[in-house]
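K.L.:
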Amino acid sequence: MPADSLQPLPDVRFPHSPAEDLLGMLTGTFLASFGLHLLHASQAVTGGTAGLSLLLTYATPLSFAGLFMLVNIPFFVLAIWKKGWRFTLRTALAVAMVSGFSLVHERFIPLPELHPIYAVVAGNLLAGVGLLILFRHGASLGGFNIVALILQERAGLRAGYVQMAMDLCVILLALTVMAPAQVALSALGAIVLNIVLAFNHRPERYRA
Numbered sequence: 614m615p616a617d618s619l620q621p622l623p624d625v626r627f628p629h630s631p632a633e634d635l636l637g638m639l640t641g642t643f644l645a646s647f648g649l650h651l652l653h654a655s656q657a658v659t660g661g662t663a664g665l666s667l668l669l670t671y672a673t674p675l676s677f678a679g680l681f682m683l684v685n686i687p688f689f690v691l692a693i694w695k696k697g698w699r700f701t702l703r704t705a706l707a708v709a710m711v712s713g714f715s716l717v718h719e720r721f722i723p724l725p726e727l728h729p730i731y732a733v734v735a736g737n738l739l740a741g742v743g744l745l746i747l748f749r750h751g752a753s754l755g756g757f758n759i760v761a762l763i764l765q766e767r768a769g770l771r772a773g774y775v776q777m778a779m780d781l782c783v784i785l786l787a788l789t790v791m792a793p794a795q796v797a798l799s800a801l802g803a804i805v806l807n808i809v810l811a812f813n814h815r816p817e818r819y820r821a
């Protein structure tokens, strides 16, 4: 067959149906919230507004569910401006679902003492997979995810690497209320989460 007869495949995309988006949102938020539940049980933090919210639970008497919603409010304004109402509403729903699932986990899955390394690595892996699912269904968990996605789309920067740099700031802030060993372990976990995103979130490879 002549080489010039070989044509590239057309860039055909098949959007998710509403039912697929709903199932994706439920799956993604459940996995991410359970990962955060493991981190909370081990008194660790991670990056993003989720990590910032966890950090604030250690420094204040407020619950993670309420803090996670409050911390994300300023980022919703940025999302409306740069990403539009559809993305913002899905993200707000995802944040609310993670907050709701976190209350469910606390009620029905009381965790025994966990090995801190296992809890941090497993928690960040689950959170990373949950975020990937949400990204692929047009949502995020707000906060730093919004900034990372905007910079990836507008400036060509990889979302995982942008998020990693911003997460480092949260990890360093944790030194104000946590022991250095806990902070170092949390930093390892944040790297695990962002490697999951950097190696797997490639929009040009995903056709849905």
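Yeah, the sequence shown ends on 821 if you go by this note's numbering, and it's all consecutive. Don't be surprised by glycine CBs; every beta carbon is placed ideally from N, CA and C. Treat the numbers as computed from the prediction; the structure is a model and nothing was measured.
For S753 versus I746, is the C-beta spacing smaller than 8 Å?
P.N.:
Taking the first residue of the sequence shown as 1, we reach residue 753 at position 140. Taking the first residue of the sequence shown as 1, we reach residue 746 at position 133. Their beta carbons are not under 8 Å apart, which means S753 does not touch I746 by this criterion.
K.L.:
Touching or not, the segment 717-726 and the segment 643-652, by the rule of three or more beta carbon pairs under 8 Å?
P.N.:
Cβ pair count under 8 Å is three or more, so yes.
K.L.:
Rank L644, M710 and Q776 by C-alpha distance to the C-alpha of F812 and give the top, closest one.
P.N.:
As a first step, residue 812 must be located in the sequence shown, where it is residue number 199. Residue Q776 is the option with its Cα nearest to F812.
K.L.:
Could you tell me the alpha carbon to alpha carbon distance between L770 and L764, rounded to whole angstroms?
P.N.:
Translated into the one-based positions of the sequence shown, residue 770 becomes position 157. Translated into the one-based positions of the sequence shown, residue 764 becomes position 151. Approximately 6 Å between the Cα atoms of the pair.
K.L.:
Should the segment 667-683 be regarded as contacting the segment 729-740, the criterion being three or more beta carbon pairs within less than 8 Å?
P.N.:
No, the segment 667-683 does not touch the segment 729-740.
K.L.:
Mind reading off the beta-carbon distance from L806 to P729? Whole number of angstroms is fine, and I expect it under 8 Å.
P.N.:
The residue labelled residue 806 in the question sits at position 193 within the sequence shown. The residue labelled residue 729 in the question sits at position 116 within the sequence shown. The pair is not a contact, with the Cβ atoms about 16 Å apart (cut-off 8 Å).
K.L.:
Do F757 and G641 have their C-beta atoms closer together than 8 Å?
P.N.:
Locating residue 757 in the sequence shown gives position 144, counting from the first residue. Locating residue 641 in the sequence shown gives position 28, counting from the first residue. For F757 and G641, no; Cβs fall outside 8 Å.
K.L.:
What residue range does the alpha helix (DSSP H) around M682 cover?
P.N.:
Taking the first residue of the sequence shown as position 1, residue 682 is located at position 69. Per DSSP, M682 belongs to the alpha helix (DSSP H) from F677 to K696.
K.L.:
Taking the alpha helix (DSSP H) that S630 belongs to, which residues open and close that run?
P.N.:
Start at 1 with the first residue of the sequence shown, and residue 630 comes out as number 17. That residue, S630, is in no alpha helix (DSSP H); it is neither H nor E in DSSP.
K.L.:
Taking only runs that begin and end inside the segment 750-820, name each unbroken alpha helix (DSSP H) of 4 or more residues, in chain order.
P.N.:
Those alpha helix (DSSP H) runs which fall completely within the segment 750-820 and span 4+ residues are 757-768, 772-786 and 793-813.
K.L.:
Can you tell me which of the three DSSP states H653 falls into?
P.N.:
Position 40 of the sequence shown holds residue 653. Here H653 sits in helix by DSSP.
K.L.:
Once DSSP output is grouped into helix, strand and coil, what is the label at I746?
P.N.:
On the sequence shown, residue 746 is found 133 positions in, with the first residue counted as 1. Correct three-state label for I746: helix.
K.L.:
Rank R767, T704, L639 and L635 by C-alpha distance to the C-alpha of N685 and give the top, closest one.
P.N.:
Against the sequence shown, residue 685 aligns to sequence position 72. If we check each option's Cα against that of N685, T704 comes out closest.
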